Amino acid sequence: MRGLIVVKRVAKPFFLATYQPFKAVGFVFVKLVGVPAYRGIFFVRRFVHTILLPAKHRFFYLLSNRYTVHALMIILVGIIGVTNFQTRNVRAETFGQKSILYSLVSVDDSQTVEVVEAGKSVLIPGGQSSYFADATLDTRTQFHQTELDQTGATTQPQGVPTRSSVETYVVQEGDTLGRISVRFHLSISTILSANGLTLRSTIRPGDTLKILPRDGIIYTVKRGDTLSRIANTYNVQIQDIASANQLESNATLKVGAEILLPGATQVAAPAALARKPVSVKDIISNTPIPKASVSTAGWVWPTNWHVITQYYGWKHTGIDVDGDYSTSSIAAHDGVVSYTGWRTGYGLTVEIDHGNGLKTRYAHNSKIYVNRGDVVSAGERLAQTGTTGRSTGTHLHFEVILNGKFQNPLSYVR
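First residue of the sequence shown: 383, per this note's numbering; consecutive thereafter.
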């Protein structure tokens, strides 16, 4: 106790001596800084409250108004009504194709890439079996660029002569629609449409054919037609029509005149087939069928087996159908063989032009039995199933392409 008393007597004078300087500094700081700062904050706060409180009251008044709920319901009903008017038929495989995600992850429609290098051989790994005996292409052999040329696995040569008007061609001995289309760098569909032919038509030496300057159709102008109406009907750009026919964009068309519609097709694609119920037993069965099943629209299943290992979707442009080296790729519809040969990723490939902008593609084959320009019927054998290109296991990759856009093959075949 006595010790504490001694400490108090000594500490008090020391504390008073050291306190005076801090007291003076604190007084100056509070008077010159603290009070003005507090006063400024007070006035700013009062000014802000003066502005915000009326707005706050108006907001709560709007929420508490009895007509607000009615207005919100009317707006909601209007939005739903407009959405329903704009609703389109959406299938499972095309759901979400207008979304941002689809544009980021989807496969580009023009993904096919052909690699052709002059003076180099294309080597397909495999054994030493011969394919010359039965005039087929065998994946287990080595063949050169000249052999690919014979099957159509080349790009169009440079320096293609341009035509500014419709020409007439006299059919020569040995000509086929495929060879004529290659010679004039036109699609088979264009030649058929321009001459009123079908895939069943026969051409003979001495026949004359109209050869258009470019792919498209010849359209006869009718009463009331305008460039804008024709362009909208056939999904063609007005500028393309005007350029192909040396016309002005606002030109008046003469009734009965014939004009070229570049890139247009004559008739719409066949209607999609109705879905038929399939039993689980049929789906998982590997039993080969004796022939492809025929649909009412003239389409047939493109191979012997019906086991689908991968369906059409965002990242897959066709369907994969299981098979082995005893199964074949089969023409799904009547048409003309427009391509046979090697495509990057697809391996040995056959493509058929069915007219009206519709094509089918058969990929990953091990042998090809047809040549470019051959006219084939639905159900005819095209190739032997294989696993060439980017493939894991023997199967057929089957695609349907309409005007350059991939379609769901199951809308055409069952």
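Where a beta carbon is used, it is the ideal one built from N, C-alpha and C, also for glycine.
Note that the structure is predicted; figures quoted are calculated from it, not measured.
In the DSSP annotation of this structure, the continuous segment of the alpha helix (DSSP H) that includes Ile456 starts and ends at Thr450 to Phe467. With respect to the C-alpha of Phe788, the residue from Gly700, Asn753 and Ile712 having the closest C-alpha is Gly700.
In the DSSP assignment, Arg743 falls within the beta strand (DSSP E) that extends over Leu740 to Ile750.
Bridge partners of Ile641 according to DSSP: Tyr601. The C-beta distance from Leu591 to Val553 rounds to 7 Å, short enough to meet the 8 Å contact threshold.
Gly768 is classed as buried because its beta carbon has at least 16 other beta carbons within 10 Å across all chains shown.
One alpha carbon belongs to Val757, the other to Val703, and they sit about 24 Å apart.
Here DSSP, grouped into helix, strand and coil, assigns Asp702 to strand. With a threshold of 16 other beta carbon atoms within 10 Å, Phe780 meets it and is buried. Fewer than three Cβ pairs drawn from the segment 620-638 and the segment 563-582 lie within less than 8 Å of each other, which leaves the two stretches out of contact. The C-beta distance from Leu594 to Leu629 rounds to 16 Å, too long to fall under 8 Å, and the pair is not in contact.
The Cβ-Cβ distance between Val719 and Arg754 falls below 8 Å.
Ile783 and Ser631 have their C-alpha atoms spaced approximately 31 Å apart.
Around the C-beta of Arg605, fewer than 16 other C-beta atoms lie within 10 Å, and the residue is accordingly described as exposed. For a cut-off of 8 Å, the C-beta gap from Ala714 to Val795 is around 6 Å, short enough to register as a contact.
At the C-beta level, Leu635 and Thr615 stay beyond 8 Å of one another.
Each residue's CA atom was taken as its position, placing Ala633 and Ile600 some 18 Å apart.
Rounded to the nearest whole angstrom, the C-alpha separation of Ile562 and Leu568 is 8 Å.
In the same chain as Gly737, and ignoring 5 residues on each side of it, the C-beta atoms closer than 6 Å to its own belong to Ser571 and Leu574, in chain order.
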